[in-house]
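Asker: If you count the sequence shown from 1, position 163 lands on 424 in the working numbering, and the numbers rise without skipping. Here a beta-carbon is modelled for each residue, glycine too, at the ideal position from N, C-alpha and C. Please read these numbers as outputs of a predicted model, since none were measured by experiment.
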Amino acid sequence: MADVKPFVLDFNLLTGLCESGKVKPTLRHVSNMAAQFADHEAAQALAAGENPLLYEFYGLDLPEESGVLQFGTTKLYPGKVGDEYYMTKGHFHTILDTSEVYYCLSGQGGMLMETPEGEVDWKEMKPGDALYVPGRWAHRSVNTGSEPLVMFFVYRGDAGHDYGTIEEKGYRKIVVERDGKPVLLDNPKWVTFS
Ligand code: PAN
Ligand code: ZN
């Protein structure tokens, strides 16, 4: 069993950031996932230019064991690449049948989810909403608002992250702005991009 002592971490309710600096965030810029956006040219142009920060999130240095819980926050900034909202890379868990809970602290957006069999779901999230992502569902946060979307998450310590499947195939759906509102469209690049 993991020899982890009780500990406390601080995550700011509005910004999601660990202000004590006890843990350091991982940063993802447009250049880290340019191929994931439907408007590849817009993404490449942004990546080659100001290369904006899309999001930052925390992963703790805990043993990757089934009895351990990983937790932290994701701060996803507002913005769009073309007409597609800023989003996280998205992943399946390596142990596919491991679930996750997200709790929205601030901002506005949602979670785009799909199973390997092609079932798709989109759940809007606002502060105070808790989302259960069942095992087998790939999950990607999307910021559809004008402020950072901040979510707290918890998942099993040995779940692992399979980014490759999404990198190779993409998501079946994209979330884009139409008349100021988010709509789901078929991803024109699904499976076809590399
Ligand atoms: C989250 C995500 C976090 C960043 O901790 O890892 O929001 O998103 P990507 O991992 O897709 O870049 C989680 O779902 N962990 O399992
Ligand atoms: Zn996850």
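When the distance is taken between beta carbons, is Trp383 closer than 8 Å to Gly371?
Answerer: Taking the sequence shown and counting its residues from 1, one reaches residue 371 at position 110. Taking the sequence shown and counting its residues from 1, one reaches residue 383 at position 122. In contact: Gly371 and Trp383 (Cβ atoms closer than 8 Å).
Asker: Could you check if Gly418 is buried or exposed, using at least 16 other CB atoms within 10 Å of its CB as the buried criterion?
Answerer: The count along the sequence shown starts at 1 and reaches residue 418 at position 157. Residue burial is scored here from C-beta neighbours: Gly418 has at least 16 other C-beta atoms within 10 angstroms and is therefore classed as buried.
Asker: If you measure from the CB of Glu361, is any heavy atom of ligand 2 nearer than 7 Å?
Answerer: The residue given as residue 361 occupies position 100 in the sequence shown. It does: the Cβ of Glu361 is within 7 Å (strictly closer) of some heavy atom of ligand 2.
Asker: On the DSSP bridge assignment, give the partners of Gly434 in chain order.
Answerer: Residue 434 sits at position 173 when you count from the first residue of the sequence shown. The question names Gly, but residue 434 is Lys in the sequence shown. DSSP output for Lys434 lists Asp447 as bridge partner(s).
Asker: Quick one: what does DSSP say Val415 is sitting in, helix, strand or coil?
Answerer: Here residue 415 is taken as the residue at index 154 of the sequence shown, counted from 1. DSSP places Val415 in strand when its eight states are reduced to three.
Asker: Quick check: what's the CA-CA separation for Asn312 versus Leu270?
Answerer: If you number the sequence shown from 1, residue 312 lands on position 51. If you number the sequence shown from 1, residue 270 lands on position 9. Straight-line Cα distance between these residues: approximately 30 Å.
Asker: By Cβ distance below 7 Å, which residues in the same chain neighbour Pro388 in space, the five residues on each side in sequence not counted?
Answerer: Within the sequence shown, residue 388 is the residue found at index 127, counting from 1. Result list for Pro388: Cys365, Leu366 and Ser367, in chain order.
Asker: Taking the alpha helix (DSSP H) that Leu307 belongs to, which residues open and close that run?
Answerer: Working through the sequence shown from its first residue, we reach residue 307 at position 46. Start and end: His301 to Ala309.
Asker: Who does Ala399 pair with in a DSSP beta bridge?
Answerer: Residue mapping note: residue 399 aligns to position 138 of the sequence shown, counting from 1. The partner list for Ala399 (beta bridge, DSSP) reads Glu375.
Asker: In the DSSP assignment, what residue or residues form a beta bridge with Gly370?
Answerer: The residue given as residue 370 occupies position 109 in the sequence shown. Met386 and Asn404, per the DSSP bridge assignment.
Asker: For Glu429, name the three-state secondary structure that DSSP assigns.
Answerer: Within the sequence shown, residue 429 is the residue found at index 168, counting from 1. DSSP, reduced to helix, strand and coil, places Glu429 within a helical segment of the structure shown.
Asker: Which whole-angstrom value describes the C-beta separation of Ser360 and Gly333, a residue pair presumed to lie in contact below a C-beta threshold of 8 Å?
Answerer: The residue you call residue 360 lines up with position 99 of the sequence shown. The residue you call residue 333 lines up with position 72 of the sequence shown. So it is not a contact: roughly 16 Å between Cβ atoms.
Asker: Quick one: is Thr287 buried, meaning 16 or more other Cβ sit within 10 Å of its Cβ, or exposed?
Answerer: Along the sequence shown, one-based indexing puts residue 287 at 26. Classified as exposed, Thr287 has fewer than 16 neighbouring CB atoms from the shown chains inside 10 Å of its CB.
Asker: My assumption, with CB atoms under 8 Å, is that Lys450 sits in contact with Ala299. Please give the rounded CB distance.
Answerer: As a position in the sequence shown, residue 450 is number 189, starting the count at 1. As a position in the sequence shown, residue 299 is number 38, starting the count at 1. 6 Å between Cβ atoms; contact.
Asker: Between Ser407 and Gly340, what straight-line distance do the alpha-carbon atoms span, to the nearest angstrom?
Answerer: Stepping through the sequence shown from its first residue, residue 407 is reached at position 146. Stepping through the sequence shown from its first residue, residue 340 is reached at position 79. Distance between the alpha carbons of Ser407 and Gly340 is about 7 Å.
Asker: Would you kindly report the start and end of the unbroken beta strand (DSSP E) that includes His352?
Answerer: Position 91 of the sequence shown, counting from 1, holds the residue named residue 352. Note, His352: premise wrong, no beta strand (DSSP E); not H, not E.
Asker: Less than 7 Å between the CB of Tyr416 and some heavy atom of ligand 2, yes or no?
Answerer: Looking up residue 416 in the sequence shown gives position 155. Yes, ligand 2 has a heavy atom inside 7 Å of this Cβ.
Asker: On the criterion of 16 or more Cβ atoms from any shown chain inside 10 Å, does Phe268 qualify as buried, or is it exposed?
Answerer: To locate residue 268, count along the sequence shown from 1; it is residue 7. Exposed, since its Cβ has fewer than 16 Cβ neighbours within 10 Å.
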